[in-house]
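Remarks on the structure that follows.
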Amino acid sequence: MKILRQFTIILVISFLGEGIKMLIPLPIPSSVWGLVLMLAALQFGIVKVEQVKEASSFLIEIMPVMFIPAGVGLITAWPVLKPVFVPVMIITAFSTVIVMAVTGIVTQKMIKMGRNGEDENVSD
């Protein structure tokens with residue numbers, strides 16, 4: 000019953016993301032809206048980590064299985080993808096490097112900010 004409650008919380012937040020996608024005409028996927036809502040709910044204490052921990056761990060564990068249909072879709076679409084394969088691979092590699100760099104920089108800044116905050120609290 001606990002897992003069912005946790006999945007329900009995650010599904011409700013995902014559903015709210017779908018609703019925001021319908022209301023706001025921006026090219027942002029509903030799953031991203033749902034993730035933003037979940038982050039906000041966790042940050043503001045509306046949802047506690049313990050309320051979604053087991054269900055989210057399960058979903059993360061089965062994530063690789065979710066990529067199988069996408070991979071099969073790419074294989075079946077090969078005749079369409081073949082002419083643009085090289086540009087798509089270049090764009091994918093370039094954007095991956097940019098995402099990794101930005102993520103690393105943001106993470107380092109957040110860690111540094113966290114350390115500075117701890118230092119200030121200790122000196123009080």
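67 is the number that numbering that gives the first Met the number 0 gives to position 68 of the sequence shown; each next residue is one higher, with no gaps.
Note that the Cβ used here is the ideal one computed from N, Cα and C, for glycine as well.
Given the structure is predicted, the values throughout are model-derived calculations rather than measurements.
For residue 25, the three-state secondary structure derived from DSSP is coil.
Here the alpha carbons of residue 22 and residue 7 stand approximately 22 angstroms from one another. Counting other Cβ atoms within 10 Å of its Cβ, residue 107 stays below 16 and is therefore classed as exposed. For residue 52, the enclosing alpha helix (DSSP H) stretches over residues 52 to 60. Residue range 77 to 80 is occupied by the alpha helix (DSSP H) that includes residue 78. The beta carbon of residue 55 is closer than 8 angstroms to those of 5 and 9 in its chain, skipping five residues each way along the sequence. DSSP, read as helix, strand or coil, puts residue 9 in helix. The distance from the Cβ of residue 33 to that of residue 2 is about 19 angstroms, inconsistent with a contact at the 8 angstroms cut-off.
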